[in-house]
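Q: Protein sequence lines correspond, in order, to chains A and B.
Residues in the first sequence are numbered consecutively from 1320, following the numbering used here.
Residues in the second sequence are numbered consecutively from 22, following the numbering used here.
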Amino acid sequence: MLHSKSFVKKSRAGRVTKVVREHYLRDDIYCGASICKVCDSSVARLSASASTILVLDTNVVLNQIDLLENPAIDDVVVLSVVLDEVKNKNMAVYNRLRALCSNSLRKFFVFSNEHHKDTYVKEMSGESKNDRNDRAIRVASQWYQSHLGDEVRVLLITNDRENRRKAVEEGIFAETVESYVKSLGQPDLLDLLVQPASEDVDMAEVEDLRPSKRKVIYNEHKPMSEITSGLHRGIYHQGKLRVNRYNPFEAYVGSESIGDEIVIYGRTNMNRAFDSDIVAVELLPQDQWHEEKSLSIAEDEEDEEDVHLVPSSADDAPRTTLPQQDSSRETNPVSYRPFGRVVGIIKRNWHSYCGSLEPMPMPAGSGSVANALFVSKDRRIPKIRIQTRQLENLLDKRIIVAVDSWDFLSRYPSGHYVRTIGEIGDRDTESEVVLIENDIISRPFSAQVLACLPPLPWSVSPIDLSNPNRMDLCHLRVFSVDPPGCKDIDDALHCSTLPNGNFEVGVHIADVTNFVFPGTPLDDEAAQRGTSTYLVERRIDMLPKPLTEDICSLRADVERLAFSVIWEMTPEAEVISTRFTKSIIKSSAAMSYVEAQARMDDSRLMDPLTTDLRNMNTLAKIMRLRRIDRGALTLASAEVKFQIDTETHDPLDIGMYQIREANQMVEEFMLAANVSVAKQILDHFPLCSLLRRHPTPTREMLEPLLRTAAAVGLHLDVSSSKALADSLDHALGDDPYFNKLIRILATRCMTQAVYFCSGDLSRPEYHHYGLAAPLYTHFTSPIRRYADVIVHRLLAASLNIDKLPSIFQDRPQLTSISDNLNYRHRNAQMAGRASVELHTLIYFRKRPTDAEARIVKIRSNGFIVFVPKYGIEGPVYLTSRAEKGGGEWYVDEPQQKIKKMDGSLSYSVLQAVKIHMEVVEPQPNRPKLQLTLI
Amino acid sequence: MEYVSPEGLRLDGRRPMEMRQIRAEIGTIMKADGSAVFEMGNTKVVAAVYGPREVQNRGQQISDKALVRCEYSMANFSTGDRMRKPKGDRRSTEISLVIRQTMEESILTHLMPRSQIDIYVQVLQADGGTRSACINAATLALADAGIPMRDLVTSCSAGYLNSTPLLDLNYVEDSAGGPDVTLGILPKLDKVTLLQMDSKLPIDIFENVMQLATEGCKAVANYIRELLLENTKELEYRRGV
């Protein structure tokens, strides 16, 4: 049957056109119930035993998606009209609903009512789009009821009063979500319900106890039409709001129309916007650009700095705020960054957040509804108000909460409880929180993914041996050097002397792409995960365990498939030729860094393996020197290493991670392999190669380093990476740690390197600043990084071993892959750091310690210290919080000193101090590490 | 954008392997020697054939076969927006050429030396797949004019969106910018006379898509043959044979 749909549409230019589309109605759309005798039951999803089948209204899906995700709700028919409406209104909810519909464990069935000949409804004249869709939902429910007969009750769930009334009139069973959930008799489900706005009244009454909260707190958002025209006329500026990770009262909006970042200071100016929301911003008058800031400082009483890990790059570090308050008035009267305020939110980025409830006294009657404030782990998120019936259960738990709305009358947004993770302070719970917070995919691999693995036990097959593209390199003396206990060995090396006195050096990388084929579920999963994540006590793999630890891992004394880069090098480490080949290798030794180092150092050992190691080390040293001559930076990080108790998984000891020559040797050859591969793939695929670049830091980014250096009388030349490297080399103070400290400070000024698609940028932008290399990519760790998998495919295609997968022809998709890789990479690092922070806390819980620390930044009421031994950083307060800025101390900005008024005491930047570290619990269940001066 | 829902329905409710509704009528223009209207869904095309007749321009006369000319145009009202469609623009010149070459392949031109056959096709309503519809309409009109042909030429398009081969793209699917294969075949002889593709496709997928288009062409051929048979029977009846 054919229907013609016609409607009028307004184009972006404002022209109105009439659109006519065909609309086919079918008789082969099935109802999806397994009890149905008429329909094809092979596609049926609804269970045979169901006594009630639910049909959902759009508003229910939009508001109650958390409830729908609970397995208590099942046997649901999702109409295509509802899907379309949800898709238009909220893409995130749509994706979650789609995930539910495709989940084989859940009984959600999509019924294409719009194309079924009996359930299609034509818009009547004078009927609004909404009314027509409501009618379509009712017609479909009615059809279901008459189609399935009386054995099943078809229940329409709608919160729309009018729709429900009409449904009941037409003889359809209809209920609201609340009454349906109540009828299920599971009180904890009620917490998942989003409270409709109309019932907000009693909440407001509770708040009445605090009179200040009743007044209008935020400005009302401007209507969308006004925002659009404002953006058009250039009054408003659109951009993504990014809240400062270390100061939730400060946010930035990167605006294209203004070409600069607009600073939003204070919650009032942020006007209910969340991090990553797309907002419209109005600039404040220029004279308020400063006043606004000092005004809001008074407000931020909650602003409290925690002890945290030392940032390893500018991305992790607190944003450089403008020079401190009062003193800045004279020195820097005109701010160079514009200030603004949010007038409207164009697109919300609400999702669910991890955290805990703010401690509060128990209400008298237990089990009744209580209001509580939720504090997110992520400091950028404001507190969220929720209602719960299980307060006593939740108080000491980590929970997940979703945001529903934020009224301009209320100080905090309101949300609802989603689920419990576990008890606060429990290591497993907190690790879980770390994973959720950083959006790490830690679910077990699905059956489809595992089905892509080769059968175990796996060994090199004759097919591999006879493959003309694969060289048999088993005769070579290949070995691997990794951290102790490493199970996913993805690189191995060899070095042999050639008759002409040159060396043949090979880097052999696990041939992951021989097992992970493009387009398979395994590949999709790996692409989504992007990287393995290393927490202190466990590892979340990108690929399933059999691949990472056995099939791909280049373990000793077994034949393994590899992708090899083989150079011929002169003894002066000049590369004469480069060769790439797939290969079969048999590692003769899997050493740890310590072992390799010990072998090299032991002059009595003269066996061939040790000789190879020494040769390689000599070459590596020359290569390293040459690289540094080119201007590569030797940066330092304060990485720490835990010793974990094997039984309890509690940390036993922490120490700085020691870097040996052996580490540097392996690193040098990996760098060389990556550079060689980058050249090769870019030559063959100039537009679709995946490379890695490190942007040159701007002078502004290096400003904090220069200021600190100037304060201690050190001049740093930052005009190029070479100049910086040289001046870092000359930065020698009287104490031995000084140089490393300066390097650590330099490192944190830089941004991180990122992946990109070569077609997106121009050649000069490919430059890798830190390594001083014009081209760089990642090739050497395909087991734990997806970028390397892609690069392996590109390299194989460039050697005509494999076809280039079709994805490389699609540049937008390639760009989105590299964006995802950057996102995942960063998240994995953040999670790793968070995990270290967590374990540091656990470690110090039982061991209050004294340690030496360095001052790295001066604050108005104290300073920030860095504790090298434990790699942490945190504030030390000279004055207590209450008497903030209370006169006794004053800051000498250019000298970077804080002095006591009477001049008896002064602290300057980079000075060593003794501090005491102890875990305190200012609030129950909220332990934190406190640093005090001794 | 999602062109095929997980339920396996396209935007207009068809399944991936389904064509739009086709409808055709023969002899719609009395003055012409042969004519037809062909519809594929909302795409509607009229074709008129004049000839074989004397060559108008002596210089173009070919001594051993007939001269085939073709003119393609789009009615000004064929799309929603009222834009003037110039006659000699590149697109219509190209389509004219494509149709001419395709039809010439099946006409037995050597039987009609020193004569001329004119094919006029005009798009009355455009909704994707105009090229195919024009070829199908031209075939019908030629058959109606009684011009000797090797076989009926039929055409159909197929595309590849959301990793699914789709038969007979409509305007929305066509403007997705994905690969779009237009195929013309001689169904009885099983020969390809026209093959065009926009954008790129890996060769193994291309073969699937082309296979699908071939099936579409055959379905069109069946319909056209039935229609012609019916038309002939009617003519017979009118003559009182």
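Ideal Cβ placement from N, Cα and C applies to all residues, glycine included.
Exposed or buried, what is P1774 (chain A) when buried is set at 16 or more other beta-carbons lying within 10 Å of its beta-carbon?
A: exposed
Q: Hey, is I52 (chain B)'s beta-carbon within less than 8 angstroms of any beta-carbon in chain A?
A: Note that residue 52 (chain B) corresponds to Lys in the displayed sequence, not to Ile. K52 (chain B) does not count as touching chain A.
Q: Counting C-beta neighbours from all protein chains within 10 Å, is the total for T1371 (chain A) 16 or more, i.e. buried, or is it exposed?
A: Exposed, by the Cβ-count rule.
Q: Can you tell me whether M22 (chain B) is buried or exposed, with buried defined as 16 or more other CB within 10 angstroms of its CB?
A: Of the other Cβ atoms in all chains shown, fewer than 16 fall within 10 Å of the Cβ of M22 (chain B); this residue is therefore exposed.
Q: If you run the structure through DSSP and keep just helix, strand and coil, what is E1887 (chain A)?
A: The three-state secondary structure of E1887 (chain A), taken from DSSP, is strand.
Q: Around the C-beta of M2220 (chain A), are 16 or more other C-beta atoms found within 10 angstroms, so that it is buried, or is it exposed?
A: exposed
Q: How about the segment 88-98 of chain B and the segment 131-146 of chain B: do they share at least three Cβ pairs that are nearer than 8 angstroms?
A: Yes: the two stretches touch, three or more of their Cβ pairs being nearer than 8 angstroms.
Q: Could you name the residues of the same chain whose beta carbon sits closer than 7 angstroms to that of M1679 (chain A), not counting the 5 residues immediately before and after it, in chain order?
A: A1691
Q: Between the segment 1686-1703 of chain A and chain B, which residues of the former have CB atoms less than 8 angstroms from a CB of the latter, in chain order?
A: none
Q: Please say whether F2075 (chain A) and R2173 (chain A) have beta carbons closer to each other than 8 angstroms?
A: No.
Q: Is the beta carbon of V241 (chain B) sitting closer than 8 angstroms to the one on P186 (chain B)?
A: no
Q: So, does the CB of R44 (chain B) fall closer than 8 angstroms to a CB anywhere in chain A?
A: no
Q: Quick one: is S2125 (chain A) near chain B, going by C-beta distance under 8 angstroms?
A: yes
Q: Who are Q2249 (chain A)'s beta bridge partners in DSSP?
A: Beta-bridge partners assigned by DSSP to Q2249 (chain A): A:E2237.
Q: Enumerate in chain order the residues of its own chain whose CB-to-CB distance from E1620 (chain A) is below 6 angstroms, with the five nearest sequence positions on each side excluded.
A: For E1620 (chain A), the predicted model reports a pLDDT of 38, less than 50, meaning its position is unreliable; a value from the coordinates is still stated below. The same chain holds no residue with a CB closer than 6 angstroms to that of E1620 (chain A) once the five nearest residues on each side in sequence are set aside.
Q: Could you tell me which of A:Y2226, A:K1448, A:N2146 sits nearest to V2184 (chain A), measuring between CA atoms?
A: A:Y2226
Q: Quick one: what's got a C-beta closer than 7 angstroms to Y1555 (chain A)'s C-beta in the same chain, skipping five residues either side?
A: I1546, G1549, A1599, V1600, E1601, V1662
Q: What are the boundary residues of the beta strand (DSSP E) that includes K1406 (chain A)?
A: Run containing K1406 (chain A): none in the beta strand (DSSP E); it sits in the alpha helix (DSSP H), 1399-1408.
Q: Please list, in chain order, the chain A residues whose beta carbon lies closer than 7 angstroms to that of P223 (chain B).
A: S2125
Q: Measure the CB-CB distance between N1668 (chain A) and S1595 (chain A) and report whether it falls below 8 angstroms.
A: yes
Q: Considering only C-alpha positions, which residue in the set B:G62, B:V193, B:D201, B:R35 is nearest to D44 (chain B)?
A: The sequence shown places Arg at residue 44 (chain B), rather than the Asp named in the question. Comparing Cα-Cα distances from R44 (chain B) to each of B:G62, B:V193, B:D201, B:R35, the minimum goes to B:G62.
Q: Would I1870 (chain A) pass as an interface residue toward chain B - the criterion being a Cβ-Cβ separation below 8 angstroms?
A: no
Q: How is the alpha helix (DSSP H) around I1492 (chain A) delimited, first residue to last?
A: As written in the sequence, residue 1492 (chain A) is Phe, which differs from the Ile given in the question. Run containing F1492 (chain A): none in the alpha helix (DSSP H); it sits in the beta strand (DSSP E), 1492-1494.
Q: Mark H131 (chain B) as exposed unless 16 or more other C-beta atoms lie within 10 angstroms of its C-beta, in which case mark it buried.
A: exposed
Q: Where do the ends of the alpha helix (DSSP H) carrying P1781 (chain A) lie?
A: 1781-1785
Q: Exposed or buried, what is P1890 (chain A) when buried is set at 16 or more other beta-carbons lying within 10 Å of its beta-carbon?
A: exposed
Q: Which of the three DSSP states is assigned to P2083 (chain A) in this structure?
A: helix
Q: Under 8 angstroms, do F49 (chain B) and S56 (chain B) count as touching if we go by C-beta distance?
A: Sequence inspection shows Thr at residue 49 (chain B); the Phe mentioned does not correspond to that position. Yes, the Cβ-Cβ distance between T49 (chain B) and S56 (chain B) is below 8 angstroms.
Q: If you run the structure through DSSP and keep just helix, strand and coil, what is W1462 (chain A)?
A: helix
Q: Can you check whether the C-beta of L2263 (chain A) is within less than 8 angstroms of a C-beta belonging to chain B?
A: Outside the shown range of chain A, which is 1320 to 2253, sits residue 2263 (chain A), and nothing can be said about it.
Q: Going by DSSP, what residue range makes up the alpha helix (DSSP H) through R2143 (chain A)?
A: R2143 (chain A) -> alpha helix (DSSP H) spans 2130-2165.
Q: Between which two residues does the beta strand (DSSP E) containing L248 (chain B) stretch?
A: Per DSSP, L248 (chain B) belongs to no beta strand (DSSP E); it is in the alpha helix (DSSP H), 224-260.
Q: Between which two residues does the alpha helix (DSSP H) carrying R2178 (chain A) extend?
A: That residue, R2178 (chain A), is in no alpha helix (DSSP H); its beta strand (DSSP E) goes 2168-2178.
Q: Three or more beta-carbon pairs under 8 angstroms between the segment 1416-1431 of chain A and the segment 1365-1380 of chain A, yes or no?
A: yes
Q: I'd like the list of long-range same chain contacts for P2167 (chain A), defined as Cβ closer than 8 angstroms, with 5 residues on each side in sequence excluded.
A: H2235, M2236, E2237, V2238
Q: Verify the CB distance criterion: does R1451 (chain A) have a CB-CB separation below 8 angstroms to chain B?
A: no
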